[in-house]
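To start, the structure under review is shown below, and the notes come after it.
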Amino acid sequence: MRVLITILLTMFSFYTFAEEQGEKGFKMDVNVSGFFSPEVTKATIKSVVEGSSAEKEGLNVGDDVVAIDGCKIPGCPASTAKSSLQKKVGDNVVLSMLKPNGETYEANITLQ
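Under this note's numbering, the first residue of the sequence shown carries the number 17, and numbering increases by one thereafter.
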């Protein structure tokens, strides 16, 4: 009985965490180097969800992310980038972006 209760509580905890974590509205291809202290070497927008905050902020497929919440890429610790992108619904993440034509812009994404 204890095992069953523990399993149910664990499942509820994971479900609650998944519900509270916000959706970014985009997907990225991310390159990382290093084993003990991995760093992001490149991040490129792979897809953007229609109607999302990311789309409204102008993110486009092929744009490179050059900083996440001020953490510059290349060189941003992977753990820092990950925590910046796993915030709660309603939180913001600021992305510094580079378009293929060399134009730069900042996108303030509200997680939904």
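The C-beta atom is built at its ideal place from N, Cα and C for all residues, glycine as well.
A quick note: this is a predicted structure, and the numbers were derived from the prediction, not measured.
Beta carbon of residue i nearer than 7 Å to that of residue j
| i | j | result |
| --- | --- | --- |
| GLY41 | VAL65 | yes |
| LEU127 | LYS98 | no |
| ALA14 | GLU73 | The shown model of the chain, from 17 to 128, leaves out residue 14, and the question about it has no answer. |
Span of the alpha helix (DSSP H), counted from its first residue to its last, around residue i
| i | result |
| --- | --- |
| LYS40 | Taken as a continuous stretch (DSSP letters only), LYS40 belongs to no alpha helix (DSSP H), as it is neither H nor E. |
Cβ-based neighbour list, residue i, same chain, cut-off 7 Å, excluding 5 preceding and 5 following
| i | result |
| --- | --- |
| MET17 | For MET17, the predicted structure reports a pLDDT of 49, less than 50, and the residue's modelled location is therefore unreliable. A value from the coordinates is still provided. Correct list: empty, nothing qualifies. |
| VAL169 | This structure leaves residue 169 out entirely; the chain is present only between 17 and 128. |
Nonlocal neighbours in the same chain, by C-beta distance under 8 Å from residue i, ignoring five residues either side
| i | result |
| --- | --- |
| ASP79 | THR60, ILE61, MET113, LEU114, LYS115, PRO116 |
| LEU101 | LYS40, ILE84, VAL109 |
| VAL48 | PRO54, GLU55, VAL56, THR57, ALA94 |
Endpoints, beta strand (DSSP E) assigned at residue i
| i | result |
| --- | --- |
| GLU66 | No beta strand (DSSP E) contains GLU66, which DSSP labels as neither H nor E. |
Beta-carbon contacts of residue i that lie in its chain and below 6 Å, excluding the five residues immediately before and after
| i | result |
| --- | --- |
| THR120 | LEU114 |
Check: At a cut of 8 Å, does the stretch 77-86 reach the stretch 47-60 through at least three beta carbon pairs?
Finding: yes
Which residue spans inside the stretch 85-119 form an unbroken beta strand (DSSP E) run of at least 3?
108-114
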